[in-house]
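The next block holds one structure in the form of structure tokens; read it before the comments.
In the numbering used here, the protein residues as written are 179 to 373.
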């Protein structure tokens with residue numbers, strides 16, 4: 179699993195499959211991405227994926243942490259970067275950045291299959307924008323899925339915080355007693371208290 183291959187080898191393999199089978203390259207990449215989860219399962223790495231989040235959006239937000247973890251094992255890894263925005267009841271917008279071009283459909287295949295296998299969620303991916311800037315590919319996708327936990331989490335979190343704030347009042351004296359070293363700044367960033 180830790181053997182390193184040249185950067186161009188995957189392109190040659192994909193192109194060879196395309197020529198022999200007559201399947202579109204984008205379709206091949208999506209299928210390979212989807213089958214990657216099976217590969218991870220074979221080596222029981224899927225257990226690591228499960229701890230990235232209890233919900234699909236939490237999982238997506240944890241992908242950068244996963245790739246950072248993988249860099250300890252694979253120091254030459256050039257990890258992509260992912261971040262989410264505009265989360266709603268019907269999905270979210272996902273930004274995908276990578277120094278390696280040509281992996282968009284592979285990533286989309288992974289996303290669809292992991293959503294299905296880990297979260298029992300069907301995802302429809304809408305490509306919003308693709309930008310190429312020097313050596314960086316930036317892709318913006320809208321992931322359409324039934325995000326049931328969106329409203330549930332927000333409401334539960336707000337209700338929990340409101341009830342905690344009503345029950346627990348911490349005065350500054352208690353706060354200062356708990357922490358051995360404190361700096362308090364005013365709005366102008368001037369030190370008001372130092373202990």
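From the three backbone atoms N, C-alpha and C, an ideal C-beta is built for every residue, glycine too.
Check	Outcome
Please state whether DSSP places residue 303 in a helix, a strand or coil.	strand
My guess is that residue 299 and residue 329 are in contact by the Cβ rule of under 8 Å, so how many angstroms apart are they, rounded?	In fact, because the Cβ distance is near 16 Å, the residues do not count as touching under 8 Å.
Can the beta-carbon of residue 302 be found closer than 7 Å to that of residue 273?	no
Opposite residue 316 in the DSSP bridges: which residues?	275, 309
Helix, strand or coil for residue 280, going by three-state DSSP, please let me know.	coil
Report the option in 370, 230, 264 whose CA atom is closest to the CA atom of residue 320.	264
Evaluate contact between the segment 192 to 211 and the segment 282 to 289, counting only Cβ atoms and requiring at least three cross-stretch pairs below 8 Å.	yes
Just the Cα atoms here: how many angstroms apart are residue 238 and residue 227?	10 Å
If you draw a straight line from the alpha carbon of residue 215 to that of residue 225, how long is it in whole angstroms?	11 Å
Using three-state DSSP, classify residue 334 as helix, strand or coil.	Confidence in residue 334 is poor, its pLDDT being 49 and thus under 50, which makes the residue's placement unreliable; the coordinate value appears in the next sentence. Helix.
Taking all protein chains shown into account, decide if residue 270 is buried (16 or more other Cβ within 10 angstroms of its Cβ) or exposed.	buried
From residue 312 to residue 268, what distance separates their C-alpha atoms?	34 Å
Within the same chain, show all residues whose beta-carbon is closer than 7 Å to that of residue 304, passing over the 5 residues directly before and after it, in chain order.	319, 320, 322
Where do the ends of the beta strand (DSSP E) carrying residue 217 lie?	Looking at the DSSP string, residue 217 is not in any beta strand (DSSP E); the run it does join, the alpha helix (DSSP H), is 203 to 220.
Beta-carbon separation of residue 241 and residue 248 under 7 Å?	no
Hey, out of 291, 259, 266, 292, whose CA is closest to residue 276's CA?	259
Over what stretch of residues does the alpha helix (DSSP H) that includes residue 229 continue unbroken?	Run containing residue 229: none; DSSP gives neither H nor E here.
Considering only C-alpha positions, which residue in the set 310, 266, 236, 306 is nearest to residue 297?	236
Whole angstroms are fine: how far does the CA of residue 193 sit from the CA of residue 187?	10 Å
For the putative contact between residue 361 and residue 369, defined by C-beta atoms under 8 Å, what is the C-beta separation to the nearest angstrom?	6 Å
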